[in-house]
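Beneath this line is the structure, given in structure tokens, with notes to follow.
Numbering (our numbering), first residue to last: 2 to 487.
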């Protein structure tokens with residue numbers, strides 16, 4: 002049972018983490034192939050890992066194992082990052098394509114209610130910063146009392162400044178119950194600065210956090226009233242879902258027919274049983290580099306620097322080098338953002354942080370791969386990154402996780418040299434199988450069947466030099482693959 006009463010007679014809440022998106026305003030660190038929630042923007046854990054830890058049981062709330070909604074490219078990252086922090090991955094549902102939050106939340110509701118008709122879901126983005134777990138659980142407990150009375154609950158954040166990057170919830174001025182909960186009069190789009198200042202002064206607005214608590218049955222009923230076509234399609238999508246290496250892949254054909262719409266537009270703005278519960282402790286969605294600067298520890302001059310970034314006679318600036326071999330130095334800067342990766346660099350005034358997505362749009366229009374492709378390509382067996390690229394050669398660093406193996410494959414257009422620099426590799430080249438230790442190398446001729454495996458208990462890293470007329474990733478013929486890829 003996903004939702005049940007535990008021995009203390011407390012309801013068990015089903016957490017649902019939304020882990021898709023592209024995080025364009027945090028480019029170049031956040032990209033479509035590796036969005037911001039999987040990066041360590043704040044502290045030693047990623048935003049996704051912190052979100053998962055926040056939705057684990059306490060003496061206030063009991064949570065079931067997480068359900069994660071993500072896409073096919075990110076599914077292995079989700080499982081790997083949960084295991085890194087000692088959380089056993091619960092169901093991971095794969096969305097065939099991005100369709101915004103309405104379809105994802107409904108799919109999670111239908112899936113969960115098939116396990117327990119009394120299921121109560123807490124749906125949350127996986128890229129928020131909420132440091133006070135206990136206070137957050139207290140607020141969820143308040144929301145739970147309303148869910149048991151048939152309400153859909155949204156959590157709003159008490160504004161601390163006139164923010165123009167968030168949507169707002171306008172609260173009723175004539176209905177406030179003893180818990181501080183309020184009816185919602187209106188959903189307000191991102192305002193201009195004048196409007197934001199006015200709303201801050203009125204004291205009856207909350208930032209729209211996009212965190213929801215509800216009975217799965219109540220959410221399904223709401224779709225039946227306000228979006229019956231979506232309900233019909235998503236029901237079929239879930240019913241026709243297929244298992245895939247421990248994941249649940251939602252049916253792609255029907256999913257493609259769904260409207261791209263948020264849960265706010267599809268349901269929440271129309272629902273008559275919606276209430277807002279305010280959250281007054283620290284919160285941020287890290288919606289831009291200015292928010293990262295604001296949430297980070299600043300030096301006496303207001304600067305935030307990474308380990309290999311340095312500020313000289315600068316103030317109120319954010320300087321980050323995302324590679325340990327990069328050194329970034331700012332001189333005489335004020336209110337500047339500088340983010341350096343080995344394949345892209347962003348420099349912007351802090352006041353223009355919300356415009357970073359325009360850089361992504363520009364690069365997309367020029368078909369520049371850095372717009373969406375992260376330099377480190379994560380795969381189910383580990384990752385690789387390109388170190389150098391020429392017309393007829395490419396140099397990669399490849400990391401294979403303990404016990405993992407790449408597919409048995411061949412290439413039509415390139416040969417490869419492998420040099421082990423860390424760990425031990427088990428290498429197959431046609432019928433020849435051998436172990437390579439650090440410093441040893443092997444040549445893989447064009448057209449031969451080959452595979453690399455890591456038989457050890459530590460990561461194995463090798464340098465791969467590709468030589469040929471065509472070096473793209475689609476020059477692969479797979480013969481055997483434990484991950485069932487084509």
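Beta carbons are placed, not taken as given, at the ideal position from N, Cα and C, and that holds for glycine.
Next item on the list: Take residue 44 and list the residues in its own chain whose beta-carbon comes closer than 8 Å to its own, dropping the five residues that flank it on each side.
Entry: 51
Check: Tell me the DSSP bridge mates of residue 293?
Finding: BP columns for residue 293 are empty, so no partner.
Next item on the list: Give a yes or no on contact between the segment 180-197 and the segment 305-325, applying the rule of three or more CB pairs nearer than 8 Å.
Entry: no
Item checked: Beta-carbon separation (whole angstroms), residue 42 vs residue 293, contact threshold 8 Å -> 6 Å
Check: Does DSSP put residue 51 in a helix, a strand or coil?
Finding: helix
Next item on the list: Inspect the beta-carbon positions of residue 139 and residue 61 and report whether they are closer than 8 Å.
Entry: Yes, they are a contact pair.
Notebook entry, point to check: Can you name the residues that DSSP bridges to residue 16?
Noted result: Residue 16 pairs with 123.
Notebook entry, point to check: Which residues in the same chain as residue 334 place their Cβ atom closer than 6 Å to its Cβ, once the five residues preceding and following it in sequence are excluded?
Noted result: Result list for residue 334: 315, 318, in chain order.
Margin query: Measuring straight from C-alpha to C-alpha, what distance separates residue 474 and residue 151?
Written below: In this model, residue 474 and residue 151 are separated by some 51 Å (Cα to Cα).
Notebook entry, point to check: So, residue 464 versus residue 396, is the Cβ gap smaller than 8 Å?
Noted result: yes
Next item on the list: Drop a sphere of 10 angstroms on the beta-carbon of residue 205, count the other beta-carbons inside from all chains shown, and report buried for 16 or more, exposed for fewer.
Entry: exposed
Margin query: Can you give me the C-alpha to C-alpha distance between residue 226 and residue 220, rounded to a whole angstrom?
Written below: 10 Å
Check: According to the neighbour-count rule (16 or more other Cβ atoms, all chains shown, within 10 Å of its Cβ), is residue 451 buried or exposed?
Finding: It counts as buried.
Check: Is it right to say residue 331 is buried, meaning 16 or more other beta carbons lie within 10 angstroms of its own, or is it exposed?
Finding: buried
Next item on the list: Measuring alpha carbon to alpha carbon, tell me which of 208, 134, 130, 125 ends up nearest residue 165.
Entry: The alpha carbon of residue 165 has as its nearest neighbour, out of 208, 134, 130, 125, the alpha carbon of 208.
Margin query: Determine whether the beta carbon atoms of residue 459 and residue 404 lie at a separation below 8 Å.
Written below: Contact annotation: residue 459 and residue 404 have beta-carbon atoms that are not nearer than 8 Å.
Check: How is residue 422 classed by DSSP in three states: helix, strand or coil?
Finding: strand
Checklist line | Selected residue, minimal CA-CA separation from residue 92, among 16, 23, 260 | finding: 16
Next item on the list: Taking all protein chains shown into account, decide if residue 478 is buried (16 or more other Cβ within 10 angstroms of its Cβ) or exposed.
Entry: exposed
Next item on the list: Pull up the distance between the alpha-carbon of residue 126 and that of residue 470, whole angstroms please.
Entry: In this structure, the straight-line span from the alpha carbon of residue 126 to that of residue 470 is close to 43 Å.
Check: Hey, residue 467 and residue 394 are a contact pair by Cβ (cut 8 Å); roughly how many whole angstroms apart?
Finding: 6 Å
Notebook entry, point to check: How do the segment 344-360 and the segment 20-28 stand: do at least 3 beta-carbon pairs fall below 8 Å, yes or no?
Noted result: yes
Notebook entry, point to check: Start and end of the alpha helix (DSSP H) containing residue 235?
Noted result: 229-240
Check: What distance in whole Å lies between the Cβ atoms of residue 137 and residue 280, which are believed to be in contact at a cut-off of 8 Å?
Finding: 7 Å
Check: Using DSSP with H/G/I as helix, E/B as strand and the rest coil, what is residue 393?
Finding: coil
Notebook entry, point to check: To the nearest whole angstrom, what separates the beta carbons of residue 19 and residue 102, a pair I think is in contact under 8 Å?
Noted result: 7 Å
Check: Is residue 426 close to chain D, meaning its C-beta is less than 8 Å from at least one C-beta of that chain?
Finding: No chain D appears in the structure shown, which is made up of a single protein chain.
Notebook entry, point to check: In chain order, which continuous runs of the beta strand (DSSP E) of length 3 or greater are located wholly inside the segment 66-113?
Noted result: 68-72, 93-96
Margin query: Please return the same chain residues whose Cβ sits closer than 8 Å to the Cβ of residue 76, not counting the five positions on each side in sequence.
Written below: 93, 95, 248
Next item on the list: Go through the segment 189-215 residue by residue and report every complete run of the alpha helix (DSSP H) that reaches 4 residues or more, in order.
Entry: 194-203
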